[in-house]
């Protein structure tokens, strides 16, 4: 068994769908057809697998954390997506979409980015495959992730500030959608998370199942055929979480997604519709989307991918929220006990493990370490002094 | 759907069109400045056949910089869907009113409550640009029952087989998206504007109005060589953002009206 296919209209239960301007409907339909065909095509799959192995560095290792386990009183395993080329899991999705864009005859990629990881990955894939690339990034995020802005430009991408609204990830998505409405004939929108209009939530999930599949096999080997008691990941849009959950959905493992307290769509939001799909959403009583505010630019998003709303509604996964202060502690804990500096995003899941250590005592917990912390070092230097 | 009587908006637009008039529908952002109800009255008096009232949304993905800024300003001034609709109750523009907003505003309020509030406020139609044909059903059924006409958009990217289905479901009029892009002024009328209008006229006898990218009287006149009328938003809102007030908006709308009447 694996995660279910969405319905024809792109629904996971009540969630998902294709709430886009009429101009984009044919493009979404074309993309769905193209991805379905490619995903079933051995040539495309081989091309992608080759790139994931020879370019991105897959498979990524599974690391057992001895000192961290001792510190937290549980058995801690890390799926090392931080060791991918470009520093996070984002490359899995981007290589798949960039190859697809080429197959579809598109010459240009647009993308949104929060922390810059998806933007860097998209710029990288565009450079590799000879595609033009434009990345929208919130003005606020461009300031706190200046290093990634420079990396994208170094890779030949144009980076354009999103200067309306909260000037963070959600506004970068608005700008990318506006761009796509105007350029849809030549441009593929390389959306960076398992969210947006159908087929994105499903397509992005499928492109990340590789990490779940690997983790399942690696755990089986380490645990004599067993699975971890708990599988956890951070959730912004939710792409790394859906990737790791996909490998364990049919097992006894408990699935736990962790959101930032001030961007906790699933734990504090209500259903709504923005950016193409119906899902849990932070909004006011009138339906205006409210601004998330997290230490981590990658999770600074008031919504969440629709399949997570579905998993929450069915009870197959549960979702927790942690504060910025807890995240800062977890960021340092992993650095000191294991010599691994995590990105602030997966440090959220780690923060939950540290906080709930009593209920997790003696359990085996697999954490998807979705990215490395190089990009966050300057910000942490300011915070920690 | 076909059993429904023709709504107030569609009846008014058909009657004007069949009388040889080209249709002019100005857009006004609700809650933009204290004098926005005066703007509505002024553009009505200047020759509007119907008026689109924008209910601002925090994330307007179909809108360019001008309407984005108007929406942000209105929201900062405390505009809410209910405050705008309450105000409209008192406006008495003398022409049919439609709201233009994004689906989450309607979804959050609840379909039934939103539709009834529109009718209670004297609004007869709704335009929801992020609610395409495949998603419009649950809202449109409620809207039909309550008597709100749901106007659908038709875009240049639509294949031929899609257009009759969009026209069939659309009520009030069919909103032809004039170009590939978001709302805003352009230096010239896009050739895609009259192409999509022609494709729509070939498959429907409902009024076909071109919106998005109609920037001045001359472009409106050109668009109406094929279309039944135009929707004009950013060109009016820019004047309001520049402080020209109800008089400036009315003067501009009057200029467009005369150009359309002289065709």
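Protein chains in written order, with the working numbering: chain A, 1 to 385; chain B, 1001 to 1263. Don't be surprised by glycine CBs; every beta carbon is placed ideally from N, CA and C. Predicted, not measured: the structure shown is a model, and the values here were computed from it.
For residue i, I'd like the list of residues in its chain whose CB is within less than 7 Å of its CB, leaving aside the five on either flank, ordered along the chain.
i: residue 106(A); result: 186, 187 and 188
i: residue 163(A); result: 139
i: residue 274(A); result: 281, 289 and 303
i: residue 1119(B); result: 1146, 1147 and 1148
i: residue 361(A); result: 73 and 74
i: residue 1133(B); result: 1152, 1165, 1166 and 1169
i: residue 213(A); result: 247
i: residue 1079(B); result: 1030, 1031 and 1056
For residue i, write down the residues that DSSP places opposite it in a beta bridge.
i: residue 1232(B); result: 1026(B)
i: residue 188(A); result: 109(A)
i: residue 320(A); result: 258(A)
i: residue 1150(B); result: 1126(B)
i: residue 280(A); result: 271(A)
i: residue 380(A); result: Answer by DSSP bridge pairing: none, since residue 380(A) is not bridged.
For residue i and residue j, I'd like the C-alpha separation in whole angstroms.
i: residue 1258(B); j: residue 98(A); result: 51 Å
i: residue 263(A); j: residue 305(A); result: 13 Å
i: residue 158(A); j: residue 103(A); result: 23 Å
i: residue 1034(B); j: residue 1244(B); result: 13 Å
i: residue 1046(B); j: residue 129(A); result: 55 Å
i: residue 230(A); j: residue 353(A); result: 10 Å
i: residue 167(A); j: residue 1021(B); result: 45 Å
i: residue 267(A); j: residue 1230(B); result: 45 Å
i: residue 234(A); j: residue 1086(B); result: 43 Å
i: residue 77(A); j: residue 41(A); result: 34 Å
i: residue 316(A); j: residue 1162(B); result: 38 Å
i: residue 1007(B); j: residue 1015(B); result: 12 Å
i: residue 347(A); j: residue 1160(B); result: 51 Å
i: residue 1116(B); j: residue 1197(B); result: 32 Å
i: residue 1076(B); j: residue 37(A); result: 47 Å
Taking C-beta pairs closer than 7 Å, name the residues in chain A that residue i reaches, listed in chain order.
i: residue 1080(B); result: 286
i: residue 1068(B); result: 164
Given a threshold of 16 other Cβ atoms within 10 Å of its Cβ, counted over all protein chains shown, does residue i qualify as buried or as exposed?
i: residue 1138(B); result: exposed
i: residue 1026(B); result: buried
i: residue 247(A); result: buried
i: residue 260(A); result: buried
i: residue 320(A); result: buried
i: residue 1059(B); result: buried
i: residue 242(A); result: buried
i: residue 1232(B); result: buried
i: residue 1019(B); result: exposed
i: residue 1141(B); result: exposed
What residues of chain A sit near residue i, judged by a beta carbon separation below 8 Å?
i: residue 1088(B); result: The premise fails here: residue 1088(B) is roughly 16 Å from chain A at the closest Cβ pair, so nothing lies under 8 Å.
i: residue 1131(B); result: 19
i: residue 1075(B); result: 288
i: residue 1072(B); result: 164 and 165
Please list, in chain order, all residues of the same chain as residue i whose beta carbon is under 8 Å from its beta carbon, the five residues on each side excluded.
i: residue 375(A); result: 87, 115, 116, 117, 145, 147, 148 and 343
i: residue 178(A); result: none
i: residue 1(A); result: Residue placement at residue 1(A) cannot be trusted, given a pLDDT of 48 that sits under 50; what the coordinates show is reported in the next sentence. Closer than 8 Å at Cβ, skipping near neighbours: 249 and 250.
i: residue 80(A); result: 60, 61, 62, 63 and 369
i: residue 1235(B); result: 1185, 1214, 1215, 1216 and 1252
i: residue 108(A); result: 131, 132, 133, 134, 183, 186, 187 and 188
i: residue 1179(B); result: 1156, 1186, 1190, 1192, 1193, 1212 and 1213
i: residue 284(A); result: 290
i: residue 356(A); result: 320
Between residue i and the rest of its own chain, which residues show a CB-CB distance below 6 Å, the 5 nearest in sequence each way excluded?
i: residue 351(A); result: 322, 326, 327 and 330
i: residue 1248(B); result: 1239
i: residue 1084(B); result: 1030, 1031 and 1055
i: residue 66(A); result: none
i: residue 151(A); result: 120
i: residue 1201(B); result: 1208
i: residue 1081(B); result: 1055 and 1105
i: residue 1226(B); result: 1194, 1197 and 1198
For residue i, which residues in chain B fall below 7 Å Cβ to Cβ?
i: residue 273(A); result: 1103, 1104 and 1107
i: residue 17(A); result: 1135
i: residue 177(A); result: 1061
i: residue 23(A); result: 1155, 1157, 1177 and 1180
i: residue 184(A); result: 1157 and 1180
i: residue 174(A); result: 1059 and 1061
i: residue 170(A); result: 1059
In chain B, what lies closer than 9 Å to residue i by C-beta?
i: residue 26(A); result: 1155, 1157, 1158, 1159 and 1162
i: residue 9(A); result: 1134 and 1135
i: residue 283(A); result: 1058, 1104 and 1108
Could you list which residues in chain B have their beta carbon closer than 8 Å to that of residue i, in chain order?
i: residue 181(A); result: 1061, 1062, 1180, 1181 and 1182
Using the beta-carbon of each residue, which ones in chain A are nearer than 9 Å to residue i?
i: residue 1118(B); result: Ordered by position in chain A, no residue passes the 9 Å Cβ test against residue 1118(B), which lies about 15 Å from the chain.
i: residue 1252(B); result: What residue 1252(B) touches in chain A: nothing, since even the nearest Cβ is about 25 Å away.
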